[in-house]
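Going by my numbering, the letters in the sequence shown line up with residues 420 to 658, in that order. The C-beta atom is built at its ideal place from N, Cα and C for all residues, glycine as well. First up is the structure itself, then whatever we jot down about it.
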Amino acid sequence: MFRVAICEDEKVILDFESSLVEQWSKGPLCKGDLELDTYISSEQFLFESEDKAPYDVLIFDIQMKNMNGMELAKTLRNRGCDSIIIFITGVPDYAIEGYEVGAVRYILKPVKEDVLNGLLDSAFEERQKKAEDFFLLGQGSDFEKISFEKILYIEARGHYVYLKGINFEREWKSGFTETSGAFEGKGFFCLRRGLMVNLSHVARITRTDCILDSGESLPVARGVYKELNEAFINYFKVQ
Numbered sequence: 420m421f422r423v424a425i426c427e428d429e430k431v432i433l434d435f436e437s438s439l440v441e442q443w444s445k446g447p448l449c450k451g452d453l454e455l456d457t458y459i460s461s462e463q464f465l466f467e468s469e470d471k472a473p474y475d476v477l478i479f480d481i482q483m484k485n486m487n488g489m490e491l492a493k494t495l496r497n498r499g500c501d502s503i504i505i506f507i508t509g510v511p512d513y514a515i516e517g518y519e520v521g522a523v524r525y526i527l528k529p530v531k532e533d534v535l536n537g538l539l540d541s542a543f544e545e546r547q548k549k550a551e552d553f554f555l556l557g558q559g560s561d562f563e564k565i566s567f568e569k570i571l572y573i574e575a576r577g578h579y580v581y582l583k584g585i586n587f588e589r590e591w592k593s594g595f596t597e598t599s600g601a602f603e604g605k606g607f608f609c610l611r612r613g614l615m616v617n618l619s620h621v622a623r624i625t626r627t628d629c630i631l632d633s634g635e636s637l638p639v640a641r642g643v644y645k646e647l648n649e650a651f652i653n654y655f656k657v658q
């Protein structure tokens, strides 16, 4: 599901932009797999979107009353939002300020369908590629995207899998073999049965321990040191 939100304080323009996005979604990339939300103000966006799943693309009018689109974008970035942001404006003077929120996509009013379609195409392809860098954790009907680069290690704990990340932890009921397949080819190494470490967070290796950049130490199985050492060296050779 490709999730898009539009925030525009002029209802007529909001409806027009929505129709363009919906029409684009019927094309060969999205194939109708779109979830579109609209908001009439920055304040409404902040209030109503807080508990929703992250958006792939945010389309903000810059010149809105009260909190404008640029201020809204800065607020979201400070909260850790990594959505692609497309600004729509009638004044082409915000480019430098836009770099502060990682936005280099601007559309001048009036919005042209081909221009918006081109940006949505590139955004869709970018998010599809980025999706490969995330572990999708499903628990019941809830799903969470977790960046592989933020995961320190995963470990089997009885009938559960424990995931240690940077400043967060997760644990869910699952077989370790079933879960570990998603980590193959992502820079993880099996230190022993039921324990995989992210090589990008390894600071030092001894014959008995693998010390992470967080200071935590993980046990290394007997006979694994040489293979671990080679994997560690090769990993950083290609980075």
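What are the boundary residues of the beta strand (DSSP E) that includes K564? Looking up residue 564 in the sequence shown gives position 145. Here the beta strand (DSSP E) through K564 covers 561-566.
Can the beta-carbon of D475 be found less than 8 Å from the beta-carbon of R546? In the sequence shown, residue 475 corresponds to position 56, counting from 1. In the sequence shown, residue 546 corresponds to position 127, counting from 1. Pairing D475 with R546 gives a Cβ-Cβ distance under 8 Å.
Grouping DSSP H, G and I as helix and E and B as strand, with all else coil, what is K484? The residue labelled residue 484 in the question sits at position 65 within the sequence shown. K484 falls in the coil class under three-state DSSP.
Among residues of its own chain, excluding the 5 on either side of S593, which ones have a beta-carbon nearer than 6 Å to its beta-carbon? Translated into positions along the sequence shown, residue 593 becomes position 174. V580, listed in sequence order.
Reference S619, options A601, D628, R641, F567, closest by Cα: Residue mapping note: residue 619 aligns to position 200 of the sequence shown, counting from 1. With respect to the C-alpha of S619, the residue from A601, D628, R641, F567 having the closest C-alpha is F567.
Using DSSP with H/G/I as helix, E/B as strand and the rest coil, what is D434? Counting from 1 along the sequence shown, the entry for residue 434 is found at position 15. In the structure shown, D434 sits in a helix (DSSP, three-state: H, G or I).
What does the alpha-carbon distance come out to for the pair L535 and D428? Translated into positions along the sequence shown, residue 535 becomes position 116. Translated into positions along the sequence shown, residue 428 becomes position 9. The alpha-carbon atoms of L535 and D428 are separated by roughly 19 Å.
Can you say whether A640 is buried or exposed, counting buried as having 16 or more other CB atoms within 10 angstroms of its CB? Residue numbering aside, residue 640 sits at position 221 when the sequence shown is read from its first letter. With a 10 Å radius around the Cβ and a threshold of 16 neighbouring Cβ atoms, A640 comes out exposed.
Select from D561, E469, I459, G613 the residue whose C-alpha is nearest the C-alpha of N487. Counted from its first residue, the sequence shown places residue 487 at position 68. Ranked by Cα distance from N487, the first of D561, E469, I459, G613 is I459.
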